[in-house]
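Visitor: Could you have a look at this structure, given as structure tokens, before my questions?
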Amino acid sequence: MAASHVFPRNCHAPLPVATSGEGCFLIDATGKRYFDGSGGAAVSCLGHSNQRVTDAIKAQLDQLAFAHTGFFTSDPAEALADFLIARAPGDLDRVYLVSGGSEATEAAIKLARQYHVERGEPQRRHLIARRQSYHGNTLGALAAGGNAWRRAQFAPLLTDMHHIAPCYEYAERAEGETLEAYGQRTADELEETIQRLGPDTVMAFIAEPVVGATLGAVPAVPGYFKRIREICDRHGVLLILDEVMCGMGRTGHLFACDADGVAPDILCIAKGLGAGYQPIGAMLASRRIYDTIADGSGFFQHGHTYVGHPVAAAAGLAVLQEMADHDLVARVNRMGQSVMQEGLTRHFGQHPHVGDIRGRGFFWGVELVADRASKTPFDPALGVAGKLKRAAMDEGLICYPMAGTRDGQQGDHVLLAPPFIATEDELEMAFAALSRALDRVL
Ligand code: PLP
Numbered sequence: 461m462a463a464s465h466v467f468p469r470n471c472h473a474p475l476p477v478a479t480s481g482e483g484c485f486l487i488d489a490t491g492k493r494y495f496d497g498s499g500g501a502a503v504s505c506l507g508h509s510n511q512r513v514t515d516a517i518k519a520q521l522d523q524l525a526f527a528h529t530g531f532f533t534s535d536p537a538e539a540l541a542d543f544l545i546a547r548a549p550g551d552l553d554r555v556y557l558v559s560g561g562s563e564a565t566e567a568a569i570k571l572a573r574q575y576h577v578e579r580g581e582p583q584r585r586h587l588i589a590r591r592q593s594y595h596g597n598t599l600g601a602l603a604a605g606g607n608a609w610r611r612a613q614f615a616p617l618l619t620d621m622h623h624i625a626p627c628y629e630y631a632e633r634a635e636g637e638t639l640e641a642y643g644q645r646t647a648d649e650l651e652e653t654i655q656r657l658g659p660d661t662v663m664a665f666i667a668e669p670v671v672g673a674t675l676g677a678v679p680a681v682p683g684y685f686k687r688i689r690e691i692c693d694r695h696g697v698l699l700i701l702d703e704v705m706c707g708m709g710r711t712g713h714l715f716a717c718d719a720d721g722v723a724p725d726i727l728c729i730a731k732g733l734g735a736g737y738q739p740i741g742a743m744l745a746s747r748r749i750y751d752t753i754a755d756g757s758g759f760f761q762h763g764h765t766y767v768g769h770p771v772a773a774a775a776g777l778a779v780l781q782e783m784a785d786h787d788l789v790a791r792v793n794r795m796g797q798s799v800m801q802e803g804l805t806r807h808f809g810q811h812p813h814v815g816d817i818r819g820r821g822f823f824w825g826v827e828l829v830a831d832r833a834s835k836t837p838f839d840p841a842l843g844v845a846g847k848l849k850r851a852a853m854d855e856g857l858i859c860y861p862m863a864g865t866r867d868g869q870q871g872d873h874v875l876l877a878p879p880f881i882a883t884e885d886e887l888e889m890a891f892a893a894l895s896r897a898l899d900r901v902l
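Quick note: the sequence shown uses our numbering, first residue 461, plus one each step.
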């Protein structure tokens with residue numbers, strides 16, 4: 461192969477060339493087929509050859525490729541916003557379309573700040589997030605994230621943020637503590653942090669309803685987010701939910717927070733919204749927040765060239781219509797336990813190096829440990845998750861790995877987030893491939 465001029469993610473790991481996609485499979489230049497068991501990074505929820513979405517993109521391109529949102533709105537952007545708001549929780553009322561997840565969380569952080577400034581509380585400047593979280597790679601989003609490894613070398617560029625414990629029952633619930641008591645105790649860290657910083661200085665709290673990349677499909681325990689909502693309301697702190705990875709049907713609900721019975725003030729989505737067909741994300745804001753800006757300066761001081769892109773919006777709308785017409789979110793909900801949990805438990809439940817299997821819908825994490833009884837993680841220097849990723853690819857399976865961190869905050873895991881159209885046979889084949897890969901690595 462000729463020398464590549466692409467700047468890769470990992471300069472030491474040459475990659476196969478993907479040449480086509482077919483249903484749940486990706487095919488490389490040698491003809492090898494890979495079952496996309498993680499949708500890349502929980503992106504490809506409709507698989508790789510959905511005709512409706514590609515037709516919608518082509519039709520939109522023929523009609524209108526681009527119109528800058530400083531000058532125009534467009535039919536697909538309006539229709540996508542209508543579709544989302546008709547189904548969104550709480551009083552989410554406005555949709556700000558962007559090109560991906562980091563842009564969505566970045567916009568959310570800035571909107572939270574501007575909201576408080578415009579309502580006469582400019583002293584509200586603190587953002588609270590959770591440790592071992594990830595909200596994107598742009599500087600604001602990275603600052604919000606609590607993943608020590610991702611932050612380390614950029615720390616001098618990051619605004620000071622405040623981090624509380626994640627709701628990570630497997631690792632952090634005390635012996636004998638009920639799920640409910642653990643959830644309340646963990647949520648109460650938010651109250652304590654708000655009190656410590658001064659309640660009228662805190663602008664927002666950001667969290668993922670089901671933690672994706674950093675912890676590996678970890679849902680909060682029952683009652684946790686209700687308590688978080690109460691604490692935010694008590695102190696005038698905005699609740700931002702980051703559903704970039706877990707939203708858009710991935711967990712068996714169109715919006716992941718529906719399972720927790722809470723509605724945020726600002727909600728971020730991406731990945732599954734474009735399903736990989738177009739780069740798109742969105743920030744949904746409550747009526748109260750929108751009205752504050754509209755009745756104030758009237759101008760959200762933010763924006764990128766490609767916000768509200770008509771072709772991306774047409775793709776997003778087609779993705780959601782396809783999910784609705786084929787009842788795919790209900791399918792994911794149904795098969796989450798009966799196929800995903802059952803299959804993973806059958807294959808890995810007794811494995812001496814599988815510490816935990818958790819998730820919702822088509823979003824599951826398998827945590828790998830050196831010792832099951834003590835839950836001791838592997839030494840990160842062993843690179844277990846990375847080895848498993850490569851072994852799984854050899855077996856024709858894409859799964860999303862996350863290495864343990866050197867500070868021991870978290871162990872290795874792999875994430876499974878297959879397309880919503882995956883058949884039971886395909887999923888069974890994926891579990892078997894992962895099992896073979898695991899046998900080769902551990
Ligand atoms: N937020 C969460 C929860 C994510 O998982 C990700 C990406 O993995 C992001 C934000 C950033 O999204 P993007 O990579 O599209 O910028």
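Think of the CB as a built atom: it goes at the ideal place given N, C-alpha and C, for glycine as much as any other residue.
Put residue 635 into one of helix, strand or coil per three-state DSSP.
Guide: Coil at residue 635, not helix or strand.
Visitor: With which residues is residue 543 paired in a DSSP beta bridge?
Guide: DSSP output for residue 543 lists no bridge partner at all.
Visitor: Whose C-alpha, out of 710, 595, 479, 473, is nearest the C-alpha of residue 606?
Guide: Comparing Cα-Cα distances from residue 606 to each of 710, 595, 479, 473, the minimum goes to 595.
Visitor: Compare the Cα-Cα distances from residue 818 to each of 787, 789, 880, 711 and report the closest residue.
Guide: Residue 818 has its Cα closest to that of 711, out of 787, 789, 880, 711.
Visitor: With a floor of 4 residues, list each alpha helix (DSSP H) that falls wholly inside the segment 644–709, ordered by position along the chain.
Guide: Listed in chain order, the complete alpha helix (DSSP H) runs (minimum 4 residues) inside the segment 644–709 are 684–695.
Visitor: Give a yes or no on whether the C-beta atoms belonging to residue 702 and residue 568 are separated by under 9 Å.
Guide: Yes, the Cβ-Cβ distance between residue 702 and residue 568 is below 9 Å.
Visitor: Below 9 Å between beta carbons: does that hold for residue 783 and residue 556?
Guide: Their beta carbons are not under 9 Å apart, which means residue 783 does not touch residue 556 by this criterion.
Visitor: What separation, rounded to the nearest whole angstrom, lies between the Cα atoms of residue 847 and residue 901?
Guide: Using only the alpha carbons, I get a separation of about 7 Å.
Visitor: What would DSSP say about residue 465, mapped onto helix, strand or coil?
Guide: In the structure shown, residue 465 sits in coil (DSSP, three-state: anything other than H, G, I, E or B).
Visitor: Determine contact between the segment 788–804 and the segment 833–845, defined as no fewer than three beta-carbon pairs at a distance below 8 Å.
Guide: No, because fewer than three Cβ pairs between the segment 788–804 and the segment 833–845 fall closer than 8 Å, the two stretches do not touch.
Visitor: Please classify residue 731 as buried or exposed, where buried requires at least 16 other C-beta atoms within 10 Å of its C-beta.
Guide: The residue in question, residue 731, is buried, as its Cβ has 16 or more Cβ neighbours within 10 Å.
Visitor: Write down the C-beta distance between residue 520 and residue 770 rounded to the nearest angstrom, noting that I regard them as a contact closer than 8 Å.
Guide: Going by Cβ atoms, the distance from residue 520 to residue 770 rounds to 6 Å, so yes, they are a contact pair.
Visitor: Which residues in the same chain as residue 488 place their Cβ atom closer than 8 Å to its Cβ, once the five residues preceding and following it in sequence are excluded?
Guide: Contacts found: 476, 477, 478, 479, 494.
Visitor: Who pairs with residue 741 in a beta bridge, going by DSSP?
Guide: Beta-bridge pairing links residue 741 to 558.
Visitor: Could you tell me whether any non-hydrogen atom of the ligand PLP is closer than 8 Å to the CB of residue 560?
Guide: Yes, Cβ of residue 560 sits closer than 8 Å to a heavy atom of the ligand PLP.
Visitor: Would the beta-carbon of residue 591 fall within 9 Å of that of residue 696?
Guide: Not in contact: residue 591 and residue 696 (Cβ atoms no closer than 9 Å).
Visitor: Check whether the Cβ of residue 630 lies closer than 9 Å to any Cβ atom in chain D.
Guide: Among the chains in the structure shown there is no chain D, since it carries only a single protein chain.
Visitor: Distance, Cα to Cα, residue 897 vs residue 679?
Guide: Distance between the alpha carbons of residue 897 and residue 679: 26 Å.
Visitor: Measure the alpha-carbon distance for residue 559 versus residue 597 and round it to whole angstroms.
Guide: Whole-angstrom Cα-Cα distance: 13 Å.
Visitor: Could you compute how far the alpha carbon of residue 599 sits from the alpha carbon of residue 756?
Guide: Cα to Cα, the separation comes out at about 28 Å.
Visitor: Below 8 Å on the Cβ atoms is my contact criterion, and I expect residue 663 with residue 698 to pass it. Report the Cβ-Cβ distance as a whole number of Å.
Guide: Rounded, the Cβ-Cβ distance is 6 Å, consistent with contact.
Visitor: Below 7 Å CB to CB, which residues in the same chain sit around residue 873 once its five sequence neighbours on both sides are set aside?
Guide: Result list for residue 873: 676, 825, 826, 827, 828, 845, 862, in chain order.
Visitor: Within a Cβ cutoff of 6 Å, which residues of the same chain sit near residue 503, ignoring the five residues on either side of it in sequence?
Guide: Around residue 503: 731, 736.
Visitor: Pick from 604, 632, 490, 661: whose alpha carbon is nearest that of residue 836?
Guide: Out of 604, 632, 490, 661, 632 has the C-alpha closest to the C-alpha of residue 836.
Visitor: Using a Cβ-Cβ cut-off of 6 Å (strictly less than) and excluding sequence neighbours within five positions of residue 762, which residues of its own chain qualify?
Guide: Cβ within range, chain order: 567, 570.
Visitor: For residue 617, which residues of its own chain have a beta-carbon under 7 Å away from its beta-carbon, when the five flanking residues on both sides are left out?
Guide: So the qualifying residues of the chain are 599.
Visitor: Skipping 5 residues on each side, what residues in its chain have a beta carbon closer than 7 Å to that of residue 499?
Guide: Correct list, in chain order: 505, 877, 878, 879.
Visitor: Would you kindly check if the distance between the Cβ of residue 840 and the Cβ of residue 727 is under 9 Å?
Guide: No, the Cβ-Cβ distance between residue 727 and residue 840 is not below 9 Å.
Visitor: State the CB to CB distance for the pair residue 858 and residue 496, rounded to an integer number of angstroms; the pair is presumed to be in contact (CB under 8 Å).
Guide: Indeed, because the Cβ distance is near 5 Å, the residues count as touching under 8 Å.
Visitor: Is residue 795 close to the ligand PLP? I mean its beta-carbon at under 8 Å from any heavy atom of the ligand.
Guide: Incorrect: residue 795 has no Cβ contact closer than 8 Å to the ligand PLP.
Visitor: Can you give me the Cβ contacts of residue 718 inside the same chain, cut-off strictly under 7 Å, excluding the 5 residues immediately before and after it?
Guide: If we look at residue 718 and ignore the five residues flanking it on each side, its Cβ neighbours are 549.
Visitor: Report whether the distance from the Cβ of residue 731 to the nearest heavy atom of the ligand ATP is below 8 Å.
Guide: For the structure depicted, the ligand ATP is absent and the ligand set comprises only the ligand PLP.
Visitor: First and last residue of the alpha helix (DSSP H) that includes residue 599?
Guide: First-last of the alpha helix (DSSP H) with residue 599: 599–604.
Visitor: According to DSSP, is residue 478 part of a helix, a strand, or is it coil?
Guide: Strand, per DSSP.
Visitor: Going by beta-carbon coordinates alone, are residue 714 and residue 708 separated by less than 9 Å?
Guide: Contact flag set, yes.
Visitor: In chain order, what are the residue ranges of uninterrupted alpha helix (DSSP H) at least 4 long that sit wholly in the segment 797–851?
Guide: Entirely contained in the segment 797–851, the alpha helix (DSSP H) runs reaching 4 residues are, in chain order, 802–808.
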